[in-house]
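In what follows, a structure is listed as structure tokens, so that the remarks can point back to it.
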Amino acid sequence: MTDGLLEITVAPKSSRSEVALDGGGDVKVYLNSPPVDGKANGECLALLAKTLGVPKSKLAIERGEKGRRKLVRVKGLTREEIMARLGGAS
């Protein structure tokens, strides 16, 4: 089975924690946590895992660990499956 890559934009210190698709099909992850000591990254992966219905161990940040734009690898799901679970089209 192949792994899917998901580009996301993270908004730390938000009033809510949720994963949303914008009008262009881009994935935005809103987090309560501040971007300090990896707290936002941990919350981001936990929220994505819950939203996608996979264990957190199946997710890894491939690129952008210290930035708002991140590339996340989801083991065991294709990009199409990821986007279908998020409610959008690839």
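9 is the number of the first residue of the sequence shown in the working numbering; add one for each residue after it. C-beta atoms are modelled at their ideal positions from N, C-alpha and C, and glycine is treated no differently.
In the structure shown, the three-state DSSP call for R24 is coil. By the neighbour-count criterion, in which 16 or more other beta carbons inside 10 Å mark a residue as buried, A48 falls on the buried side. Look at the beta carbons and you see the stretch 51–68 touching the stretch 12–27: at least three pairs across the two are nearer than 8 Å. With distances taken between CA atoms, G95 lies nearest to V35 out of V35, E15, V18 and A19. In this structure, the beta-carbon distance from K78 to R87 does not fall below 8 Å. Burial state of G12 is buried, judged by a 10 Å Cβ sphere holding 16 or more other Cβ atoms. Remark: C-beta atoms of V37 and V18 approach each other more closely than 8 Å.
About 7 Å separates the beta carbon of V80 from that of L56, a gap short enough to meet the 8 Å contact definition. Exposure of S65 is indicated by the presence of fewer than 16 other C-beta atoms within 10 angstroms of its C-beta.
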